[in-house]
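K.L.:
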Amino acid sequence: MSTSTIEAIAPSAPAVVTEGRPAEGPRPRRRRRVSLTPYLFISPTLICLVAFGVLPIAVAAVVSLTNMNISGLGNLANVHFIGLSNYRSLFSDPAFWESLRNTGLYVVVGVPSIIVGSLTIAIALNQSQSRFFRALRAFYFLPAITAIVAISLIWGYLYNDQFGLLNYLLSLVHVPPVEWLTSSLVAKFSVAFVAIWRASGLDIVIFLAGLQAIPADYYEAASIDGAGQLRQVFSITLPLLRFAIFFVLVTTLISWMQLFDEPYVLTAGGPVHATTSISLYIYQQGFSYNEFGFASAASMVLFAMIAVVTAVQLRARKRGASDNL
Amino acid sequence: MTKLPRVVRKTAAVVSAVALSAPLLASGATAAGASTLRPAAQTTTLQVWTMETASSFTQLLQGFTKETGIKVQVEQVPWANVNDKLTTAVASGNGPDVVEVGLSELPSFVAAGALLNLKPYLKANPVLQDNHYLAAVSSKVTSPRGEDLSVPWVSDVRILFYRSDILKQAGISAPPKTWAQLFQDATKLAQRGTNQYGFYIPQWDSALPVELTWQAGGQVTGPNGKVTFNSAAFRAAVNFYTSFYKDKLVPTASDFDQTQGFISGAAPMLISGPYLAASINSEAPDLKGKWDVAPLPKDKDGTSLFAGSNMGIWYKSKNVAASLKLLDYLAKPSTQLQWFKLADELPTNTSALDAPSLISDPMVRVYVDQLRNAEPLPLAPQWNQISTDLLNSLNSIVLDGANEQATLSKLNTTVASLQH
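Protein chains in written order, with my numbering: chain P, 363 to 687; chain V, 27 to 446.
#1: Below 8 Å, how does it come out for the region 430–440 of chain P and the region 386–400 of chain V: are there three or more Cβ pairs, yes or no?
#2: Spell out whether any CB of chain V is found under 9 Å from the CB atom of P/Val-634.
#3: Please list, in chain order, the residues of the region 503–523 of chain P that have any C-beta partner in chain V closer than 9 Å.
#4: Going along chain V, which residues have a C-beta under 9 Å from P/Asn-652?
#5: Under 7 Å between beta-carbons, which chain P residues line up against V/Leu-425? List them in chain order, please.
#6: Can you list, in chain order, the residues of its chain with a C-beta nearer than 7 Å to that of P/Trp-517? Leave out the 5 residues immediately preceding and following it.
#7: Assuming V/Lys-97 is part of the beta strand (DSSP E), what are its boundary residues?
#8: For V/Thr-70, does the three-state DSSP call read helix, strand or coil?
#9: When you compare only the Cα positions, how much space is there between P/Gly-632 and V/Gln-229?
#10: Tell me the rounded alpha-carbon separation between P/Ser-658 and P/Val-424.
#11: Taking a contact to mean a Cβ-Cβ separation below 9 Å, would you say V/Thr-79 touches V/Gln-99 in this structure?
#12: What residues of chain V sit near P/Thr-544, judged by a beta carbon separation below 9 Å?
#13: Less than 9 Å between the C-beta atoms of P/Ile-668 and P/Met-619, yes or no?
#14: V/Phe-225: which of V/Leu-331, V/Leu-208, V/Leu-238 and V/Asp-231 sits nearest, CA to CA?
#15: So the alpha helix (DSSP H) P/Val-478 belongs to, where does it begin and stop?
#16: How about the region 175–185 of chain V and the region 362–374 of chain V: do they share at least three Cβ pairs that are nearer than 8 Å?
#17: Is the region 594–607 of chain P touching the region 503–515 of chain P in the sense that three or more CB pairs, one from each, lie closer than 8 Å?
#18: Give me the Cβ distance between V/Ser-257 and V/Gln-241, rounded to the nearest whole Å; I'm assuming they're in contact under 8 Å.
#19: Please confirm if the region 490–503 of chain P is in contact with the region 574–590 of chain P, defined as three or more CB-CB distances below 8 Å between the two stretches.
#20: Only counting runs of 4 or more residues, tell me where the alpha helix (DSSP H) segments fall wholly within the region 102–132 of chain V, in order along the chain.
#21: Quick one: which chain P residues come within Cβ less than 8 Å of V/Val-116?
#22: When the Cα atoms are used, what is the spatial distance from P/Pro-474 to V/Thr-204?
#23: Verify the CB distance criterion: does V/Thr-62 have a CB-CB separation below 9 Å to chain P?
#24: Are the C-beta atoms of V/Asn-438 and some chain P residue less than 9 Å apart?
#25: Answer with buried or exposed for V/Arg-171, where buried requires no fewer than 16 other C-beta atoms within 10 angstroms of its C-beta.
#26: Check whether the Cβ of V/Arg-171 sits closer than 8 Å to any heavy atom of the ligand ZN, and report yes or no.
#27: Suppose you measure from the CA of P/Asn-686 to the CA of P/Val-612; what does that come to, to the nearest Å?
#28: Output yes if chain P places a C-beta closer than 9 Å to the C-beta of V/Glu-430; else output no.
#29: Buried or exposed for V/Ser-435, please, with buried defined as at least 16 other CB atoms from any protein chain shown within 10 angstroms of its CB.
#30: Please classify V/Thr-359: does DSSP put it in a helix, a strand, or coil?
#31: What residue range does the beta strand (DSSP E) around P/Ser-545 cover?
#32: Of all the options P/Leu-570, P/Gly-563 and P/Trp-542, which has the alpha carbon lying nearest to the alpha carbon of P/Asn-488?
#33: Does V/Leu-144 come out as helix, strand or coil in the three-state DSSP assignment?
#34: Three or more C-beta pairs under 8 Å: does that hold for the region 640–655 of chain P against the region 497–509 of chain P?
#35: Between P/Val-469 and P/Ala-678, what straight-line distance do the alpha-carbon atoms span, to the nearest angstrom?
#36: With a threshold of 8 Å, are at least 3 pairs of Cβ atoms found where one atom belongs to the region 313–333 of chain V and the other to the region 187–194 of chain V?
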């Protein structure tokens, strides 16, 4: 800090000042040599982050101000700066707003379900170390390691109106068939359900790891004090899992704001945009219609949204942590 | 002197392609560069990108290698990946020599400037000239600005499929020949019971409303080549299209499977291409004799969709002479007839289409006759977006009960702004 202060005042400050304090001469130089080492250590990461993180975002920001499309890709002479026109047409596109609403719904439905669901399952799985429970753990992890294409095929068949298993089971109890993927309302939840089912496996494992790090003494002490199962969950398990819950919350929130795979493979965003997420919207604009400038504008909006949400979360976390310390 | 700008252009294009994929997933960026490194060998090896099955296509080209000594390396590009492949190839500058382009993808290739203008070579390669092909895919239609960017290769057409056994049971002796008959027969067939329909409208198929517009005597493109949906014929087409939903003659589920629906008899009449005949034959061989094909029912006309693909030469190919030889070989009637035997795909060369060996099959006869009254979808670069908007509008009218007048006028505003 002192180095930068001296450097900052050096140009404007008269030479007299430095002469007046000769003892401070060598100190900043030594400091500077020392302070180089950490930068050296982080430089590989930093270079990668700049090359594959910051630079692409910067380029996307520039491209979002142009009419870049397939003919521009073939011949850069066809690319023109068009100012904020992409953003204007983006904000006036009802399909964009619908995809935003859908993404909002996915987040509101998906994130709490995943956190509550996988935490509950993890606590239940943690009750025993028997072979059966270990097999169950593997079972819950299966969706996370299954290829999305296989998942979409299987769920597509389960959900199918004509010959799907779900409607067949409903017909056995004389319930009329449900349009799982073809009704614009039901399809949103069908898609969200598959995404929840697929994503919870990983979170269960994270919670299990967190649970196993909690010393058993706490529970013993609590039961000696007469705390019931539920009391123990709320007073010991949840507070001690704070870090795991926070981590899962941040990653789940970000990944649900970027939800793409499930609507892409199950419904391709249909019927009539009903399941299109913001990521899928960007993909369609960019990679189906080759409107690269427009798609960049949309991805800048998504980037800003995720940045804001993450910043708010980190803020809240910091405040929570300092309260506890 | 073009060196520096070219490098700059390349890097800029690559960087922007990377930038686009970064905020999304890495999945969009498929590495295309690795397979296209061209060895500087003495014997020419042509790189060909095709959507055909690579093994059959290689087999077809054995005769070409024998004839010319030119080797061919075939890379099969799945239809779904064509656009990714195109954008990466254009951005990186690494492409094949000869490329098969589906008519639906042609506008993108043309807009990208990815195809070599063949006009200067036509004199020396007369078999590539327009007079050998159906007028529907003449270079006037497929290449804007008087160029000649691609040559017709295979064709595909929509016809009416019907279950003759089910129609007969319902007292219908012949397939419908007019719109009125189609609607009447569909009404009769839908009365067979619940989950039994008279007709099938694929909700993902933008060709059907366009075909109906042509049949009603109109066009979906204006004189300036821009797509518009405000003709009286288009309104007639929409009325006809929506009437099937109003009377509940077609399934409303978007995941209704047309092959299963036809085989089970739930949808005993539908409009599709020859590929459906192939899947019926493989999935339900014992249905033979219980179904047939017929020309599309007419309103003022019976125009169908001309689909298929063309062949072109990549704009940066270093083997133009050899590539032209390959195009010549593929354009020959004998090659196209051999390809029909290998892959069941119809020729585009008119003398191949007249070959007795082809039209002796009564079903193929129907396809070939219908091909002569067929048009391709508008070759506008924005057609992908426009067709999505068209389908979304129609689907929201028939499925969600949206106001027809308002939805269609909104559609026209969107379509106009897409082509400003």
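In this text, a Cβ means the ideal position worked out from N, Cα and C, and glycines have one as well.
P.N.:
The relevant details are as follows:
#1: Segments in contact, no.
#2: Start at 1 with the first residue of the first sequence, and residue 634 of chain P comes out as number 272. For P/Val-634, the closest Cβ of chain V is nearer than 9 Å.
#3: Sequence-ordered contacts of the region 503–523 of chain P with chain V read Gly-518, Tyr-521, Asn-522 and Asp-523 [C-beta pairs closer than 9 Å].
#4: For the purposes of this step, residue 652 of chain P is identified with residue 290 of the first sequence, where counting begins at 1. One finds Asn-109, Leu-112, Thr-113, Ser-134, Ala-137, Ala-138, Pro-407 and Asn-410 in chain V with Cβ atoms closer than 9 Å to the Cβ of P/Asn-652, taken in chain order.
#5: The count along the second sequence starts at 1 and reaches residue 425 of chain V at position 399. Under the 7 Å cutoff, chain P gives Pro-633.
#6: On the first sequence, position 155 is the one that residue 517 of chain P refers to. Result list for P/Trp-517: Val-556 and Leu-628, in chain order.
#7: Within the second sequence, the letter at position 71 stands for residue 97 of chain V. Secondary structure note for V/Lys-97: its beta strand (DSSP E) is the uninterrupted segment 97–102.
#8: Mapped onto the second sequence, residue 70 of chain V falls at position 44. Correct three-state label for V/Thr-70: coil.
#9: Here residue 632 of chain P refers to the residue found at position 270 when the first sequence is read from its first residue. Here residue 229 of chain V refers to the residue found at position 203 when the second sequence is read from its first residue. Approximately 10 Å, taken between the alpha carbons.
#10: Position 296 of the first sequence holds residue 658 of chain P. Position 62 of the first sequence holds residue 424 of chain P. P/Ser-658 and P/Val-424 have their C-alpha atoms some 9 Å from each other.
#11: To locate residue 79 of chain V, count along the second sequence from 1; it is residue 53. To locate residue 99 of chain V, count along the second sequence from 1; it is residue 73. Not in contact: V/Thr-79 and V/Gln-99 (Cβ atoms no closer than 9 Å).
#12: In the first sequence, counting from the first residue as 1, residue 544 of chain P sits at position 182. Within 9 Å of the CB of P/Thr-544, the CB atoms of chain V belong to Gln-229, Thr-278, Ala-279, Ser-280, Asp-281, Phe-282 and Leu-425, in sequence order along the chain.
#13: Position 306 of the first sequence, counted from the start, is the residue given in the question as residue 668 of chain P. Position 257 of the first sequence, counted from the start, is the residue given in the question as residue 619 of chain P. Closer than 9 Å, so yes.
#14: Indexing the second sequence from 1 puts residue 225 of chain V at position 199. When V/Leu-331, V/Leu-208, V/Leu-238 and V/Asp-231 are compared, the shortest CA-CA separation from V/Phe-225 is found for V/Leu-208.
#15: Working through the first sequence from its first residue, we reach residue 478 of chain P at position 116. Element bounds for P/Val-478: 456–487.
#16: Result yes; three or more Cβ-Cβ pairs closer than 8 Å.
#17: Under the 8 Å Cβ criterion, the region 503–515 of chain P does not count as touching the region 594–607 of chain P, having fewer than three qualifying pairs.
#18: Here residue 257 of chain V refers to the residue found at position 231 when the second sequence is read from its first residue. Here residue 241 of chain V refers to the residue found at position 215 when the second sequence is read from its first residue. Actually they do not touch by this definition, with Cβ atoms about 13 Å apart.
#19: Output reads no: the region 574–590 of chain P does not touch the region 490–503 of chain P.
#20: DSSP assignment within the region 102–132 of chain V yields the following whole alpha helix (DSSP H) runs of 4 residues or more, N-terminal first: 108–118.
#21: Sequence index remark: in the second sequence, residue 116 of chain V carries index 90 (1-based). Result: Ile-432, Leu-435 and Gly-436.
#22: Stepping through the first sequence from its first residue, residue 474 of chain P is reached at position 112. Stepping through the second sequence from its first residue, residue 204 of chain V is reached at position 178. The alpha-carbon atoms of P/Pro-474 and V/Thr-204 are separated by roughly 56 Å.
#23: What you label residue 62 of chain V is simply residue 36 of the second sequence in a count that begins at 1. In this prediction, V/Thr-62 scores a pLDDT of 44, lower than 50, which makes its location untrustworthy; no coordinate-derived value is stated.
#24: Counted from its first residue, the second sequence places residue 438 of chain V at position 412. By the rule that beta-carbons nearer than 9 Å mark a contact, V/Asn-438 does not touch chain P.
#25: In the second sequence, counting from the first residue as 1, residue 171 of chain V sits at position 145. Exposed, because fewer than 16 other Cβ atoms sit within 10 Å of the Cβ of V/Arg-171.
#26: In the structure shown, the ligand ZN is absent, as is every other ligand, since no ligand is present at all.
#27: Against the first sequence, residue 686 of chain P aligns to sequence position 324. Against the first sequence, residue 612 of chain P aligns to sequence position 250. Since pLDDT at P/Asn-686 reaches only 48, below the 50 mark, its modelled position is unreliable, and the value read off the structure follows with that caveat. The alpha-carbon of P/Asn-686 is positioned some 20 Å away from that of P/Val-612.
#28: Indexing the second sequence from 1 puts residue 430 of chain V at position 404. By this cut-off, V/Glu-430 is not an interface position.
#29: The count along the second sequence starts at 1 and reaches residue 435 of chain V at position 409. Result: exposed.
#30: Working through the second sequence from its first residue, we reach residue 359 of chain V at position 333. The sequence shown places Pro at residue 359 of chain V, not Thr. V/Pro-359: helix per DSSP, three-state reduction.
#31: Position 183 of the first sequence, counted from the start, is the residue given in the question as residue 545 of chain P. Taken as a continuous stretch (DSSP letters only), P/Ser-545 belongs to no beta strand (DSSP E), as it is neither H nor E.
#32: Residue 488 of chain P sits at position 126 when you count from the first residue of the first sequence. It is P/Leu-570 whose Cα lies nearest to the Cα of P/Asn-488.
#33: One-based indexing of the second sequence puts residue 144 of chain V at position 118. Look at V/Leu-144 here: in three-state DSSP terms it is coil, with no helix or strand label.
#34: The answer is no - the region 497–509 of chain P does not touch the region 640–655 of chain P, with fewer than three Cβ pairs under 8 Å.
#35: Along the first sequence, one-based indexing puts residue 469 of chain P at 107. Along the first sequence, one-based indexing puts residue 678 of chain P at 316. Answer to the nearest angstrom: the Cα atoms are 19 Å apart.
#36: Touching, yes, given that three or more Cβ pairs across the two stretches are closer than 8 Å.
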